[in-house]
Amino acid sequence: MRKILLLLIAMSFISCTQMQKAVYQEEETYTQEERTLIVFYNENEISLQNLKRKVKSYGAEIIYEYKEMKGIAVRIFRGKSIEQGRKYFENIKGVTNVMKDSKVELH
Numbered sequence: 000m001r002k003i004l005l006l007l008i009a010m011s012f013i014s015c016t017q018m019q020k021a022v023y024q025e026e027e028t029y030t031q032e033e034r035t036l037i038v039f040y041n042e043n044e045i046s047l048q049n050l051k052r053k054v055k056s057y058g059a060e061i062i063y064e065y066k067e068m069k070g071i072a073v074r075i076f077r078g079k080s081i082e083q084g085r086k087y088f089e090n091i092k093g094v095t096n097v098m099k100d101s102k103v104e105l106h
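Printed below as a string of structure tokens:
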């Protein structure tokens, strides 16, 4: 009887730790690239300051400014899809291109 009780306790403990691992791994699969857009703009049509205001009013944040290419990396927060964000920024006058961030590996 004692062996069965110890076995049940051990099995419960193992199943709890495995469940915690699965939840943790599920959170990790959500990468930064999946929530980031690269927005390029024409500085003759929209200033960086005005574009920053549009980002803030949308509820997103700028995580990087590309100085030479006149672009910004924008993180879209949960609650809004990346596709909704892309459509929003594409409709801003002066924005020339919006693309999802991606990782490119060189071999």
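Take 0 as the starting number for the sequence shown in numbering that gives the first Met the number 0 and just add one per residue.
We put the CB at the ideal spot given by N, CA and C, even for glycine.
Around the Cβ of residue 71, a 10 Å sphere holds 16 or more other Cβ atoms; the residue is buried. Of 38, 34 and 81, the smallest CA-CA separation from residue 93 is found for 38. The Cβ atoms of residue 36 and residue 88 lie closer than 9 angstroms to each other. By DSSP's assignment, residue 64 forms a beta bridge with 71.
CA-to-CA, the gap between residue 51 and residue 45 works out to about 10 angstroms.
In the three-state reduction of the DSSP assignment, residue 47 falls in the helix class.
By the criterion of a C-beta distance shorter than 7 angstroms, residue 42 is surrounded in its chain by 69, once the five residues flanking it on both sides are discounted.
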